[in-house]
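If you read the sequence shown in the UniProt record's numbering, its first letter stands for residue 1, the second for the next number, and so on.
A virtual CB, placed ideally from N, CA and C, is assigned to each residue, including glycine.
Right, one structure below, let's go through it.
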Amino acid sequence: MTDSAAGEILADVHRGVGRILLNRPKALNALTTGMVATVDRVLTAWEHLPLSAVVIAGAGTKAFCAGGDIRTIRAHSLARDAEASERFFASEYRLNARIAEYPVPVVSLIDGLCMGGGLGLSVHGGFRVVTERAVLAMPETGIGFFPDVGASYFLPRLPGAIGMYLGLTGHRLDAADALYTGLATHFVPADGLDAVGDALADNPDAPVDVVLNRLVGRSPVAGSRLAKVRGDVDLAFGAPSLGEIEKRLRHLDTPWSATALTALESASPQSLEITHALLARGRQHTLRECLAAELTLTRTTIRTPDFLEGVRAALVDKDRTPHWQRAPLGGRTLPA
1 MTDSAAGEIL
11 ADVHRGVGRI
21 LLNRPKALNA
31 LTTGMVATVD
41 RVLTAWEHLP
51 LSAVVIAGAG
61 TKAFCAGGDI
71 RTIRAHSLAR
81 DAEASERFFA
91 SEYRLNARIA
101 EYPVPVVSLI
111 DGLCMGGGLG
121 LSVHGGFRVV
131 TERAVLAMPE
141 TGIGFFPDVG
151 ASYFLPRLPG
161 AIGMYLGLTG
171 HRLDAADALY
181 TGLATHFVPA
191 DGLDAVGDAL
201 ADNPDAPVDV
211 VLNRLVGRSP
221 VAGSRLAKVR
231 GDVDLAFGAP
241 SLGEIEKRLR
251 HLDTPWSATA
261 LTALESASPQ
271 SLEITHALLA
281 RGRQHTLREC
291 LAAELTLTRT
301 TIRTPDFLEG
311 VRAALVDKDR
321 TPHWQRAPLG
331 GRTLPA
């Protein structure tokens with residue numbers, strides 16, 4: 001593979017298959033502005049090549065991509081360097097749109113963590129292959145931010161109220177849950193991932209779905225824990241307001257509802273309000289419209305005390321005890 005972005009992105013074309021490797025394993029392949037720009041340049045350069053597919057993977061076994069390098073964004077905010085943050089988000093969202101509109105199938109190999117920006121790299125492509133180590137989530141409300149990278153487009157399009165549940169709580173999905181929701185399309189055991197690229201190259205004229213289906217292991221989807229509580233998810237998170245969601249969760253009074261309520265109570269109230277409003281409107285808008293709305297929101301959100309405090313608590317000091325500007329759900333400050 002050829003080396004670019006100081007070795008953090010490796011890319012080449014092998015037997016008609018474009019291959020992109022996120023090569024920052026010690027940082028869980030978290031995206032920097034340079035990495036995003038490099039992937040975008042690579043995909044642009046490949047657009048007119050006779051490729052059968054593009055495969056995106058992450059180095060190491062811990063993560064496909066744990067998201068954007070949000071600590072750096074916080075540092076930009078503290079330094080009042082709005083331009084640097086703008087560059088990151090604008091280039092990231094441009095890449096999300098490019099992947100969604102790419103002329104050949106994009107196949108993401110999700111082994112380990114796939115969060116935030118990692119979903120932006122994968123979910124907009126046609127095929128998302130997960131292994132038994134896969135963990136998917138949009139955990140932004142826990143750091144004073146909101147689900148972005150087009151989440152206001154793809155989360156509302158998940159079945160029932162699953163998208164609202166995932167966006168507000170940051171709930172982590174395993175491979176079975178990812179397949180159940182549709183965020184993942186295929187399951188391949190981790191020790192079989194290396195065969196994906198070769199299989200696509202060996203069958204350039206076959207539909208990608210057919211090639212992947214020949215490689216899949218026994219699907220774990222029947223073991224989806226989310227499927228077992230789907231009725232309660234739809235009942236609670238299909239409510240029209242945050243206050244009503246809380247009310248329904250308390251009324252359910254189950255272990256699942258208690259866990260969901262705890263997640264909401266620990267999240268940033270500001271982030272919950274933004275997220276609920278974004279996801280409620282997202283189904284009526286195109287991906288590009290959703291990305292534009294998210295970009296506008298980033299400009300103000302990353303300057304707020306909740307964002308600075310949330311990133312500090314989760315990623316800088318790692319004390320996991322953020323002090324939000326307003327009381328959480330239990331404080332009754334959210335709209336009823």
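Problem - For R225 and D111, the rounded distance between their alpha carbons - result: 20 Å
Problem - For residue 337, the first and last residue of its enclosing alpha helix (DSSP H) - result: Lying before the first or after the last residue shown, residue 337 is absent from the chain, which here runs from 1 to 336.
Exercise for the section: Decide if T321 is buried, meaning its Cβ has at least 16 other Cβ atoms within 10 Å, or exposed. Expected result: exposed
Exercise for the section: Below 6 Å CB to CB, which residues in the same chain sit around E140 once its five sequence neighbours on both sides are set aside? Expected result: F146 and P147
Problem - Assigned exposure category for R15 - 16 Cβ within 10 Å defines buried - result: exposed
Exercise for the section: Below 8 Å CB to CB, which residues in the same chain sit around V316 once its five sequence neighbours on both sides are set aside? Expected result: R71 and R74
Exercise for the section: Determine the contact status of residue 337 and L51, defining contact as a CB-CB distance below 7 Å. Expected result: Residue coverage of the chain in this structure runs from 1 to 336, which leaves residue 337 outside it and unanswerable.
Exercise for the section: Less than 8 Å between the CB atoms is what I'm expecting for V123 and V107, so what's the real figure, rounded? Expected result: The Cβ separation is near 12 Å, so there is no contact.
Practice task
Rounded to whole angstroms, what's the CA-CA distance from S66 to P240? Just pull it up for me.
Solution key: Sequence check: residue 66 is Ala here, not Ser. Rounded to whole angstroms, A66 to P240 spans 31 Å at the Cα level.
Problem - Chain-order list of residues whose beta-carbon lies under 6 Å from that of T185 (same chain, five-residue window excluded) - result: F127 and R128
Practice task
Identify, in the order they occur along the chain, each residue of the same chain with its Cβ nearer than 8 Å to the Cβ of I274, setting aside the five sequence neighbours on each side.
Solution key: F146, L297 and T301
Exercise for the section: May I ask you to verify whether the segment 241-250 touches the segment 85-105, counting CB pairs closer than 8 Å and requiring at least 3? Expected result: no
Problem - Cβ-based burial, residue 360 [other Cβ within 10 Å; buried from 16] - result: The chain is shown from 1 up to 336; residue 360 falls before or after that span and cannot be answered.
Problem - Backbone CA spacing between V13 and I20 [nearest angstrom] - result: 9 Å
Practice task
Could you round the C-beta distance between T169 and A260 to whole angstroms and report it? I think they count as a contact, below 8 Å.
Solution key: 6 Å
Handout entry: Assigned exposure category for N213 - 16 Cβ within 10 Å defines buried
Key = exposed
Practice task
Out of E265, L235 and L264, state which residue places its alpha-carbon closest to the alpha-carbon of H251.
Solution key: L235
Handout entry: Contact check, L166 vs V188, beta carbons under 7 Å
Key = no
Handout entry: Selection from L308, V233 and V42 that minimises the alpha carbon distance to A258
Key = V233
Practice task
Have a look at P204, G160, G192 and L272 and flag the residue whose alpha-carbon is nearest the alpha-carbon of R218.
Solution key: G192
Problem - L10 - DSSP class collapsed to helix/strand/coil - result: strand
Problem - Beta-carbon spacing of A63, L113 below 7 Å - result: yes
Exercise for the section: State yes or no: is the beta carbon of D317 nearer than 7 Å to at least one beta carbon in chain B? Expected result: No chain B appears in this structure, which consists of one protein chain only.
Handout entry: Sequence-distant residues of the same chain with beta carbon closer than 7 Å to L272, five excluded per side
Key = T141, L168, L242, L264 and L334
Handout entry: Sheet register partners of R128 (DSSP bridge)
Key = S108
Practice task
Please report how far the alpha carbon of Y180 lies from the alpha carbon of K228, in whole angstroms.
Solution key: 11 Å
Handout entry: Length at least 4, wholly inside the segment 26-59: the alpha helix (DSSP H) runs in chain order
Key = 33-46
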